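The next block holds one structure in the form of structure tokens; read it before the comments.
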Amino acid sequence: MLLSIMFIFYPCQFINAKRLREEFMSLRKKFIEAVLELDEQKALEITKKRLEAGEDPLKILDDLMTVAEEIGKKYETGEFFVADLVMAGEILKGISELVRPKLKEASKERKVIGKFVIGTVEGDIHDIGKNIVVTMAEAVGFEVIDLGVDVPPQRFVEAIKQHNPDIVGLSGLLTVAIESMKKTIDAIKDAGLRGKVKIIIGGGRVDEYACEYTGADAWTNSAAEGIRKMLEWMRKRKEQKG
Ligand code: B12
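Our numbering numbers the first residue of the sequence shown as 457 and each following residue consecutively.
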């Protein structure tokens with residue numbers, strides 16, 4: 457009897473899982489198309505559908521990164537103009553704002569594990585990635601002080617003095633942001649605060665070289681990877697304190 461019930465239900469479950477996967481795939485394809493066509497309404501509607509269907513918000517963020525890369529390429533090749541970039545930026549921001557509350561759900565009952573100051577460095581106003589990092593850091597239990605965009609080095613120095621954070625995060629997407637990151641870290645050093653904080657730099661154009669050049673402790677192009685690194689630092693800090 458039990459065996460026959462299993463025979464009936466097992467294929468059903470299999471078919472359901474397959475159907476769900478196909479639905480996700482087709483929504484994913486439509487999502488990417490809608491963003492690249494700069495159809496804001498459609499892109500946001502599909503995002504809502506994906507979230508309602510229970511899709512992992514991190515998967516949606518992965519797609520957001522893929523599509524942002526495509527938009528960047530279209531801008532570089534002259535297929536998109538600044539106005540298109542601005543429109544695309546609005547759409548990406550709208551999508552990330554729909555996804556962020558889902559990332560935050562886990563944070564409700566967590567106790568504070570550390571303090572994190574973050575900002576987009578001077579001369580750069582890109583903040584979609586930074587805002588995702590803020591949400592994820594809050595979700596894992598950091599108290600986050602978000603300094604916003606186009607933040608001058610001295611503002612980071614003041615924030616460290618005022619809030620005494622464990623970690624400082626510098627975000628930047630422009631190549632020139634690397635220079636601002638260096639200036640910011642130099643200002644932190646000059647103020648005698650470098651030994652107090654760990655510094656992580658993030659954004660599309662940072663790499664190992666930028667990390668060495670700026671004097672940061674770590675770099676990443678992924679919010680999830682950055683958060684993992686930060687959690688590791690907090691664990692070590694706790695162990696050292698005993
Ligand atoms: C949307 C967009 C805009 C929007 C930004 C809207 C906003 N509110 O952010 C607007 C229209 C304003 C804009 C303006 C400009 N942009 Co723009 N923009 C983009 C685009 C298409 C997507 C960026 C994005 O949001 N990506 C999605 C997010 C989620 O990814 P992310 O930022 O990398 O963040 C992830 C990780 O890097 C990481 N992360 C990010 N920060 C941090 C920080 C820490 C601490 C950690 C741990 C992790 C972390 O976490 C995130 C999630 O995983 C990129 C193309 C691209 N490939 O990046 C161009 C791009 C960045 N822009 C570019 C340019 C040239 C400009 C302008 C100069 C255009 C102009 N002529 O005016 C201006 C610059 C304005 C300024 N002073 O900053 C170039 C930069 C080229 C370069 N090498 O310098 C790019 C690469 C496009 C291109 N291929 O040419 N842009």
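Each residue gets a CB set at the ideal place from its N, CA and C atoms; glycine is no exception.
Since this is a predicted model, take the numbers as computed values, not measurements.
Which residues DSSP lists as bridging residue i, in chain order
i, result
"residue 575", "626"
"residue 598", "570"
"residue 607", "577"
Residue i: CB within 6 Å of a non-hydrogen atom of the ligand B12
i, result
"residue 532", "yes"
"residue 687", "no"
"residue 701", "The chain is shown only over 457 to 698; residue 701 falls outside these bounds and no answer can be derived."
"residue 615", "no"
"residue 549", "yes"
"residue 627", "yes"
"residue 586", "yes"
"residue 676", "yes"
"residue 525", "yes"
"residue 653", "no"
"residue 698", "no"
"residue 538", "yes"
"residue 619", "no"
"residue 541", "yes"
C-alpha distance - residue i paired with residue j, whole-angstrom precision
i, j, result
"residue 567", "residue 586", "22 Å"
"residue 488", "residue 606", "29 Å"
"residue 593", "residue 675", "16 Å"
"residue 625", "residue 530", "29 Å"
"residue 552", "residue 640", "27 Å"
"residue 666", "residue 643", "17 Å"
"residue 513", "residue 680", "12 Å"
"residue 629", "residue 474", "38 Å"
"residue 619", "residue 650", "14 Å"
"residue 523", "residue 516", "10 Å"
"residue 580", "residue 472", "46 Å"
"residue 655", "residue 573", "10 Å"
"residue 684", "residue 591", "14 Å"
"residue 577", "residue 695", "31 Å"
"residue 490", "residue 660", "23 Å"
"residue 635", "residue 609", "11 Å"
"residue 496", "residue 511", "20 Å"
Exposed unless 16 or more other CB atoms sit within 10 angstroms - verdict on residue i
i, result
"residue 690", "buried"
"residue 519", "buried"
"residue 542", "exposed"
"residue 538", "exposed"
"residue 627", "buried"
"residue 509", "exposed"
"residue 547", "buried"
"residue 557", "exposed"
"residue 632", "exposed"
"residue 481", "exposed"
"residue 533", "exposed"
"residue 504", "exposed"
"residue 602", "buried"
"residue 646", "exposed"
"residue 485", "exposed"
"residue 638", "buried"
For the region 525-566, which segments carrying the alpha helix (DSSP H) assignment without a break, of at least 4 residues, lie completely within its bounds, in sequence order?
538-560
Length-filtered (3 minimum) beta strand (DSSP E) runs lying within the region 628-678
654-658, 674-676
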